[in-house]
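Be aware that the sequence shown starts at 417, since it is given in our numbering, and climbs by one per residue.
C-beta: ideal position from N, C-alpha, C; glycine also.
Source: prediction; values computed, not measured.
Below is one structure, written out as structure tokens, with a few remarks after it.
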Amino acid sequence: MEYETIMGLEIHAELNTKSKIFCTCTTEFGGEPNTHCCPVCTGMPGVLPVLNKKVVEYAVKAGLAMNCSILDFSKQDRKNYFYPDLPKAYQVSQFDLPLCKNGDVLIEVNGVRKNIGITRIHIEEDAGKLIHDEWETGSLVDYNRCGVPLIEIVSEPDMRTPDEAKAFVERVKAILEYLDVSDCKMQEGSLRADVNLSVRPVGQEKFGTRTEMKNLNSLRSIYRAAENEAKRQINELESGGVIIQETRRWDDNKGYSYAMRSKEEAHDYRYFPEPDLVPVVVDEEWLGRIKASLPELPEARKSRYMHEFGLPEYDAALLTSSRRLADFYEEAASGSSNAKAVGNWIRGDLMRILKEKGLETVSIPFPGSHLAQLVSLIDKGTISGTIAKKVFEKMFESGREPLSIVKEEGLEVVNDESALVAAVKKILNSNAQSVADYKNGKEKAFGFLVGQAMKETRGKANPQLINKLIKEELEK
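Right, dumping it as structure tokens:
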């Protein structure tokens, strides 16, 4: 039987406010355990929370950017459950009146565009963090993260493949980065996703029983967990079993998931309005100011790059995939007369080095103006393409200007014909067979000789001049 996968995601993004959602404790990542907390964020008896206004503003920004309707009146609710990292045994969240509802996000997978519905975006507080002893003798808890403000972005069950789920998270991540409301550092847990997934026979309208995989904190784990869970459910149904509605934990190192607990429904949490907090009112004036503060978003920036810099759609989409990368490209392209070449360097050498070193775009160690200068040095013939790659590597290592590297290390292109003629003659004398092959009509032999000559000059020779001199010597 052929099956269809149905997926919806819940994305939790920590907001990058300076203080927590209900108190003045810092939201800074790290720190000694239990030093970034107070009686309010740890829920001691008798304390009163006060809502951080910036949290509401950031949530509304996210809602507007994802085409949501913003509720002018919303409230906060207690979501009741006991867990060791939530000391007051309830989480302040939003239930029936979230800040943002009914939006959508555009994704593109293999050239096909698709709108993924957004059910809601609401604000809530984060819980602490359990630290499990590797010898399983007990667990410790760090409450530093308690009360860090979150938005939860809940999608409709509109995704059908792991690629679509990955693309959705990438697009949401990019939007939040452009808005500067979250740093989206998945490795630090400031962006996490829960995958709700079910399968059904193709043609069946009713959804199958869903499972939820919690707290996936990398694009790779989201993709692999979705792929694996779909296969697991299909295998279970094919062997005559039934799918149990449950919460599962994905182990990315071992490549499988296992059951944690039965999946709760809304009534299990016994939601009721938070009595210590007043309702949230977003009036037209405030909403207008927030709308006016929205930056240019990825899709609009991509379109502008295609028109302003003449980039193909694929290049523009890649360069606008993160705000840091787009800012870097724009700085470099604005300082260069060759915006296409700048984009090629970013898509090629820069992305390769970042991937090899396991770095994010925020770790680019030099400004875009340095790349503009490098492209200019190539276009002027000051350095060759081969030397440029070496200079680029040194730029990444040291952050120095390319012109300084070229001058200090004597990497300028050699245009002295007398010096190059000697190198050309040496190569021709050392490669008599290739010379004979060229004279017998084998054009590839000429390319080989040029490559050898460039190697002889350590890539510093003017390539056009080398071509000219080799032809002249061969004609003799």
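In the DSSP assignment, G424 falls within the unbroken beta strand (DSSP E) covering 419-430. Here R740 has T777, V778 as same chain residues with Cβ atoms under 7 Å from its own Cβ, once five neighbours each way along the sequence are excluded. I534 sits close to M482, with the two beta carbons spaced by under 7 Å.
When the beta-carbon positions are compared, K495 and Y685 come within less than 7 Å of each other. Distances from the alpha-carbon of G826 to those of S634, I799, Y672 put I799 closest.
Taking Y559 as reference, the option from K545, E572, E550, V570 with the minimal CA-CA separation is K545.
Within a 10 Å sphere around the beta-carbon of S555 sit fewer than 16 other beta-carbons, which makes this residue exposed. The beta carbon of V557 lies closer than 6 Å to those of P500, D501, G544, L546 in the same chain, with the five residues before and after it left out.
Nearest to R816 by alpha-carbon distance, out of Q789, I794, E828, A839, is Q789. Membership of E473 in the alpha helix (DSSP H) is indicated by the continuous run 469-481. For Q507, no alpha helix (DSSP H) encloses it; the enclosing beta strand (DSSP E) starts and ends at 506-509. If you draw a straight line from the Cα of A733 to the Cα of V528, it is about 14 Å long. The stretch 438-458 and the stretch 612-622 do not touch, with fewer than three beta-carbon pairs separated by less than 8 Å.
Proximity of the stretch 632-649 to the stretch 659-677 meets the contact definition, three or more beta-carbon pairs being nearer than 8 Å.
Spatial neighbours of C439 in its own chain (CB-CB distance under 8 Å, excluding positions within 5 residues in sequence) are listed in chain order as C454, V456, C457, P465, V466, G563. A residue is called buried when at least 16 other Cβ atoms come within 10 angstroms of its Cβ; F744 meets this threshold and is buried. Our two residues, D699 and G519, have alpha carbons roughly 20 Å apart in a direct line.
Taking each of I803, K756, N669, V471 in turn and checking the Cα distance to R874, the smallest one comes out for I803.
A distance of 7 Å or more separates the beta carbons of V463 and I437. Exclusion of the five residues before and after S737 leaves E586, A590, P714 as the residues of its chain whose Cβ lies within less than 8 Å of its Cβ. The continuous stretches of alpha helix (DSSP H) do not include V521, which lies in the beta strand (DSSP E) extending over residues 516-525.
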